[in-house]
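Following: one structure in structure tokens, then a few remarks.
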Amino acid sequence: MSLVRTLLQNGIYCCGTVKSDSGGFPEELRCPNLRRGETLQMQHDQVIASAWKDKKMVHVLSTNCSPLGDGPVVRRTRGGNFQEVMCPPPVAAYQKFMSGVDRCMQQRAKNSVCRPSKKYWKFFFNFIMEVSLINAFEVFNKTSSKTVQLKSRYDLLDFRIDVSNKLIGGFRGRKRGLSMQNTLDLPHNFVKLDRSKSTCKWCTKHGEKKRKETVNGCISCNKHLFLSSASVHSIWIFICKLFHNNRL
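Sequential numbering of the sequence shown, starting at 66, is according to our numbering.
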């Protein structure tokens, strides 16, 4: 709701679906008892919140439509026949230009660059990057279709690859592996690390589902570890030393 009001204050009108549990959405519209084709609406200034019953509940926020003037939409029934169902103007406008589909979410599901992360800021960064790529692709299609010679079917994946190649340029690099000898020669002691809490690396590596944080860890490996994990870690280091000495 706050985003819709901010856009309206800047002269940008919008219309789109919204989750019923979104902050600021009227509680009276979240789970209304409606039959198919019935609508319940609430309005504050130019912001209209609508709850419309199709097969499922559809919740819409809009600032560019009138709340009055319901019109019919055609729905197919189980027998293969067609039935007219009344819907409010915000839903009709959304279906006219979006075909009833959240296209941004649909595009994000294709070749997504997002990865699961426990850090909230990584999620926001990935989300903003995804939406920026999709918006850039839409602008590119509207402005460059006649001036740029591309292959017959240039889709979002091709656009992502081209953007990646431009950003990477001629850079070539690789990670240098840690020296096993230097790591094994250092003392592996379980101490309190001089930094903030972090997850136990041993638990994370071995699929521990419960998220745990600690300030303790191995001073040599510079990794956060629990006391129980540190014991296992010390045994693992000892085995590595034996293997390294035998190999030499």
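Positions of the beta carbon are idealized from the N, C-alpha and C atoms, including for glycine.
* According to DSSP, residues forming a beta bridge with Q108 -> Bridge partners of Q108: I113.
* **With 16 other Cβ atoms within 10 Å as the buried cut-off, status of Y78** => In this structure Y78 is exposed. Its beta-carbon is surrounded by fewer than 16 other beta-carbon atoms within 10 angstroms.
* Spatial neighbours of C169 within its chain, please: CB distance less than 7 Å, with the 5 preceding and 5 following residues excluded, ordered by chain position. => The beta carbon of C169 sits closer than 7 Å to the beta carbons of V196 and I199 from its chain, once the five residues preceding and following it are set aside; these are given in chain order.
* Asked: Among L73, T208, L126 and V156, which has the Cα closest to the Cα of V138?
  -> The shortest C-alpha separation from V138 is found at V156.
* Tell me which same chain residues have a C-beta within less than 6 Å of the C-beta of E103, skipping the five on either side of it? -> Non-local C-beta neighbours of E103 in its own chain, meaning closer than 6 Å and more than five positions away in sequence, comprise K118, ordered along the chain.
* Based on the DSSP secondary-structure assignment, which residues constitute the bridge partners of G136? -> The partner list for G136 (beta bridge, DSSP) reads C152.
* **Simplified DSSP assignment, three categories, for E103** => DSSP places E103 in the coil class of the three-state scheme, outside both helix and strand.
* Of the listed residues N191, S177 and N176, nearest to F183 (C-alpha basis) -> In the sequence as displayed, the identity of residue 183 is Lys instead of Phe. Minimum Cα distance to K183 is reached at N191.
* Asked: Using DSSP with H/G/I as helix, E/B as strand and the rest coil, what is T128?
  -> Correct three-state label for T128: coil.
* Quick one: measure Cβ to Cβ for M66 and G89, integer angstroms, because I've assumed they're closer than 8 Å. => Contact flag correct, Cβ pair sits at about 3 Å.
* Start-to-end residues for the alpha helix (DSSP H) that takes in N281 -> Segment N281 to C283 is the beta strand (DSSP E) holding N281; no alpha helix (DSSP H) there.
* Asked: From what residue to what residue does the beta strand (DSSP E) around C80 run?
  -> Boundaries of the beta strand (DSSP E) around C80: C80 to T82.
* Under the assumption that K288 contacts K266 (Cβ atoms under 8 Å), give the Cβ distance between them as a whole number of angstroms. => So it is a contact: roughly 4 Å between Cβ atoms.
* Asked: If we ignore side chains and look at the alpha-carbon of each, how far apart do T128 and G145 end up?
  -> Going by the C-alpha atoms only, they are around 36 Å apart.
* With DSSP collapsed to three states, give me the class of I77. => Three-state DSSP puts I77 in coil, outside helix and strand.
* Would you say H109 faces chain B, with C-beta separation under 9 Å as the test? -> Although the question refers to chain B, the structure presented lacks it and comprises just one protein chain.
* Among A174, N176, L133 and F147, which residue has its Cα nearest to the Cα of A158? -> Taking only the C-alpha atoms, the option nearest A158 is L133.
* Asked: Using CA coordinates, which residue listed in F188, N176 and A114 is at the minimum distance from P154?
  -> Of the candidates F188, N176 and A114, the one whose C-alpha sits nearest the C-alpha of P154 is A114.
* Asked: So, helix, strand or coil for S263, using DSSP?
  -> Note: S263 maps to strand in three-state DSSP.
* Asked: Per DSSP, V123 is paired with what?
  -> Paired residues: W117.
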